[in-house]
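2 protein chains.
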Amino acid sequence: MATDIEIARATRLRPIAEIAARAGIPADALEPYGRYKAKVGLDFVRSVEDRPEGALVLVTGINPTPAGEGKTTTTIGLGDALNALGQRTLICLREPSLGPCFGLKGGATGGGRAQVAPMEEINLHFTGDFHAITAANNLLAAMVDNHLYWGNELGLDPRRITWRRAIDMNDRALRSIVTSLGGAANGFPREDGFDITVASEVMAVFCLARDFDDLRDRLGRMVVGTRRDGSMVRASDLKADGAMAALLRDALQPNLVQTLEGSPALVHGGPFANIAHGCNSLQATRLGMRLADIVVTEAGFGADLGGEKFLDIKCRVEKIAPSCAVVVATLRALKMHGGVAKSALGREDPAAVARGVVNLVRHVENMGKFGLPVLVALNRFTSDTDAEIAVVQEAMARLGTQAYLCTHWSDGAAGATDLARAVLERIGAHTARYHPLYPDEMKLAEKIRTIAREIYRAADVSLPPAVVKKLAAWEAAGFGHVPVCIAKTQYSFSADPTQLGAPEGHVLPVRDVRLSAGAGFVVAICGDIMTMPGLPRVPAAEAISLSADGLIDGLF
Amino acid sequence: MATDIEIARATRLRPIAEIAARAGIPADALEPYGRYKAKVGLDFVRSVEDRPEGALVLVTGINPTPAGEGKTTTTIGLGDALNALGQRTLICLREPSLGPCFGLKGGATGGGRAQVAPMEEINLHFTGDFHAITAANNLLAAMVDNHLYWGNELGLDPRRITWRRAIDMNDRALRSIVTSLGGAANGFPREDGFDITVASEVMAVFCLARDFDDLRDRLGRMVVGTRRDGSMVRASDLKADGAMAALLRDALQPNLVQTLEGSPALVHGGPFANIAHGCNSLQATRLGMRLADIVVTEAGFGADLGGEKFLDIKCRVEKIAPSCAVVVATLRALKMHGGVAKSALGREDPAAVARGVVNLVRHVENMGKFGLPVLVALNRFTSDTDAEIAVVQEAMARLGTQAYLCTHWSDGAAGATDLARAVLERIGAHTARYHPLYPDEMKLAEKIRTIAREIYRAADVSLPPAVVKKLAAWEAAGFGHVPVCIAKTQYSFSADPTQLGAPEGHVLPVRDVRLSAGAGFVVAICGDIMTMPGLPRVPAAEAISLSADGLIDGLF
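These protein sequence lines are chains P and X, in that order. Take the first sequence: its letter number 551 is residue 551 in the numbering used here, and every next letter is one higher. Take the second sequence: its letter number 393 is residue 1393 in the numbering used here, and every next letter is one higher.
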């Protein structure tokens, strides 16, 4: 069987200007980055703002398992299939983070016949957006410590600095550090740490910024810490916002690439879906909806995390409404939700599917709570049996929907034609009545409770007194209207990653809350959430190589 | 008076393919990065390897002072002037480091009418080379700590890890840190620190690598630390070399931009000239010498640091021989070497020039020790007087050379025509007999002594017993043949930054030595050398802004 990179290399890519033309982007709006990647100028993005909006299709998934679900491949395969059916379709994806490429999982550009290309370049530095975000994050950090060094005129409490440094690398050694050691010339020692770049508030701000002014304003509003009296110190107080925005200028332009089947794809921005809102940039989605009849886009992790945040944060900020949601699953993953170990997934086990399908059922129900029609994409493996598939179909029929069998991984667009036709039918029926789960004016604690109750099916939420106090202070300071962004494990509806399937009656433990004043949401941290991953015992990096003629191997 | 950025914006840049054609680079060898920057494919670089070599002109300077000398502007102005005289000329420069842009000095793309463009992009992220170098450096660091975390099979002594992390930011808080705090999940706490990216050995390796295989081999040879028995652990032992090389693949292609007068310029690589060898990449210089009749290139800081290293390290490794050296000075800087304060530089003071010209005289003599004809470029300020200029000319006449008055800053190519004609005359006379200062087979300690005696005019070198022991160990391990790279202050011939002019009789204190086994040199650290700068009280970043239509201001 050919590897992803072998399939990608065997495909002849088209010049990016040709892909742009297919998407309706004129050549003079392109800033090429090599031959197969380009940025789309924001002047052009602005120039199409008044066009009517195309339909938006959200691809989301069940809670991820080690068996894999194939959400990115489904987004790509569905986009390819819609294009093949003659629909003018754009695919909007997140940019991969560099760090995880060297850890466990390899790249994040799809797989098989459903990939975006050039995969090595997208997975490594791409057009430099994440490096720009890292630099902007760390310029602010350097300016914070520099401010302390030169006398701390703003009166920052060095123990209450909340702005952390960032790096696009899986490096557990940097999670918790002490800086400014070595004497007076190096400043005042304090506790600090690095988050992975996708967890930086700069990433979230970048993905939600409407234009350059909004970008700079959001950056300026970001809180770096507090004074002893509890008052906030912001990036604008340090006069860091202008230089940070300048660092992000080129990055803010959406990136255009192509799928292996020649569909245009905008790959731009990539905030973590656990600590942040988990979807691609507003710039890219907005551009796509003005250019195409249909935009297919993906949200990170399961529908309880990335899906909910896409609908409650991004759609709310951008005032966009999806036409339908596609929930992706595999029988193998459903078996794991039904308690089967990864090693036993090859064995036929309809009973396990029946135990695990409750996870899928609940996600389908949940998406309906936002007023969306919901379809299911079932990515096929050769070991899947008819009896197992029947279990899923019966469960879906009870919900008034259907699972579409997909083989785009091996067959490309042709493998997602049924799904594409069903999506078209739902778009054409105009049955979507999108609304966010909760209104802006709901109290912050009640927003958390609403998500916990409606989406996670928790019996209760535990809010420590310190958290209640913080939320009240932010409401008093005028932040009561913002949405909440729940940071919790992606593996379960609950905050306990071992509770697979469809747990009920659990209590959502809100450990802490953080104000992302620039991004415009309150993060509720539930359980242990990692903002800096580590490398495994044998990192993927060990197998990556560069040949004498410049071919990269080992990125899979 | 127009600022640099105003002058740059008022200039209509040509499409990069047109500049490439002027340089003899076909369009299909270009990887465009936006409209005015491109990388030149290494396939093309290889394809011209057998062509005859053009002449190489080294632009170097006196010891830098706060008055400014204008080495980069002279390199650009001379290149423009040679092109204007009908000579097919390429300019080779270093890439600016991002960190210092936010500190004191603003950009590093020349000034006035002698600039490379687009200046904002070159000064900020350019084509991402430094970000790739930072990522490669930090991948290795993460793999080192990850190796300790998972059991330390290689037996690294955690107290003797020499590989540091890197960031392209002026951030003194990161000079000295303790990592892996916070409990067992975060690893084993140890002392560490960040260097600025230009000080990373990866930067030096990148600039000296001949091809992809050489790049990977050099990366693999880099030493990350030692075991308790003193034996070295290398990047290849951690299997990090392949992934690091993959991260650097695209970066290794030279970057093509243009001067404001439309001359092609290769801007590629940029190691610090104090801790590393201080000149642009071998790839760029090699390509330039195959394409052009003349390559004008620059080395960092004064001729005692960057100039010496260019001639003793880069020319030795690459087996190239310059045709002449140009030493850049200003009367204002010479007055500072003569003891005048910066505030008093506007006053005519031929006596101060006479006291300070000894610095220039010694650099001119020193360049002659490498067998090169030497010219002097005197960058004019309006406050310069004839009497002051006469002092310099008399001193130069005694050395058998001449100072050429240059006004390319205000006049562009026309302001460096005299200098260009003199350079052409020297090239045509074929009088250069380049040789490095010392042979490969000289003992390491003797190489240090030779540079100290011949270039710095030190009376002696102090080598602590620990240093002598290390050098002997490295000679025994087969590293005796490598050149030495002296890390010392750029402000003086001595290791004391306050000793301006032409100090004599001083002792060069070698504090420590480090083996850069991948770059292929031994670094001798003399006095206090900073590998991570800090930001000033009012960082330049505070004045940088981004307008609503995407214009960056405040980068000067």
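From the three backbone atoms N, C-alpha and C, an ideal C-beta is built for every residue, glycine too. Since this is a predicted model, take the numbers as computed values, not measurements.
Item, Value
"Collapsed DSSP secondary structure at residue 1122 of chain X in the structure displayed", "helix"
"Within 9 Å of chain P by C-beta, residues of the segment 1101–1122 of chain X in sequence order", "1101, 1102, 1120, 1121"
"CB contact check: residue 1179 of chain X to chain P, cutoff 7 Å", "yes"
"Euclidean distance between Cα positions of residue 93 of chain P and residue 214 of chain P", "22 Å"
"Own chain partners of residue 435 of chain P with C-beta closer than 8 Å, once the 5 adjacent residues on each side are dropped", "370, 371"
"Chain P contact residues for residue 1097 of chain X, given Cβ-Cβ distances below 8 Å", "Near residue 1097 of chain X there are no residues of chain P at all, since even the closest Cβ is about 12 Å away, more than 8 Å."
"Proximity below 7 Å, CB of residue 1150 of chain X to CB of residue 537 of chain P", "yes"
"Partners in chain X for residue 163 of chain P, counting only beta-carbon separations shorter than 8 Å", "What residue 163 of chain P touches in chain X: nothing, since even the nearest Cβ is about 12 Å away."
"Simplified DSSP state of residue 1041 of chain X, which is helix, strand or coil", "coil"
"Interface residues of the segment 1272–1289 of chain X facing chain P [CB-CB below 7 Å]", "none"
"Neighbour flag for residue 1128 of chain X against chain P, beta carbons, 7 Å", "yes"
"Cut-off 7 Å between Cβ atoms - residues of its own chain near residue 454 of chain P, not counting five sequence neighbours on either side", "369, 437"
"Cross-strand partners of residue 1227 of chain X (DSSP beta bridge)", "X/1156"
"Start-to-end residues for the alpha helix (DSSP H) that takes in residue 1366 of chain X", "1350–1368"
"Rounded separation between residue 1487 of chain X and residue 289 of chain P - CA only", "56 Å"
"Residue from P/451, P/458, P/509, P/493 with nearest C-alpha to residue 468 of chain P", "P/509"
"Residue 539 of chain P beta carbon less than 7 Å from that of residue 182 of chain P", "no"
"Whether residue 1134 of chain X touches residue 1166 of chain X by CB criterion (7 Å)", "yes"
"Cβ distance (whole Å) where residue 142 of chain P is taken to contact residue 1170 of chain X below 8 Å", "6 Å"
"Where residue 1159 of chain X falls, given that 16 or more other Cβ within 10 Å makes a residue buried", "exposed"
"Best match in P/397, P/458, P/89, P/18 for proximity to residue 285 of chain P [C-alpha to C-alpha]", "P/89"
"Contact list for residue 1239 of chain X against chain P, beta-carbon separation under 7 Å", "542"
"Outcome for residue 152 of chain P when other beta-carbon atoms lying within 10 angstroms are tallied against a minimum of 16", "exposed"
"Cutoff 7 Å: residue 1396 of chain X Cβ touching any chain P Cβ", "no"
"For residue 559 of chain P, the nearest candidate out of P/512, P/383, P/533, P/122 (CA to CA)", "Lying outside 1 to 556, the shown extent of chain P, residue 559 of chain P is not represented and no answer is given."
"Buried or exposed (CB count within 10 angstroms, at least 16 for buried), residue 1335 of chain X", "buried"
"Where the segment 1293–1313 of chain X meets chain P: residues whose CB sits under 9 Å from a CB there", "none"
"For residue 1443 of chain X, the nearest candidate out of X/1476, X/1414, X/1382 (CA to CA)", "X/1476"
"Coil, strand or helix - residue 33 of chain P by DSSP", "strand"
"Close-in-space but distant-in-sequence residues of the same chain around residue 245 of chain P (CB under 7 Å, 5 per side omitted)", "212, 215, 216, 219"
"The segment 1456–1467 of chain X contacting the segment 1244–1264 of chain X, beta-carbon criterion three pairs below 8 Å", "no"
"Alpha-carbon spacing of residue 1207 of chain X relative to residue 35 of chain P, whole angstroms", "25 Å"
"C-alpha gap between residue 507 of chain P and residue 353 of chain P, whole angstroms", "26 Å"
"Below-7 Å beta-carbon distance, residue 171 of chain P vs any chain X residue", "yes"
"Beta strand (DSSP E) runs wholly inside the segment 1465–1508 of chain X, at least 3 long, in chain order", "1484–1487"
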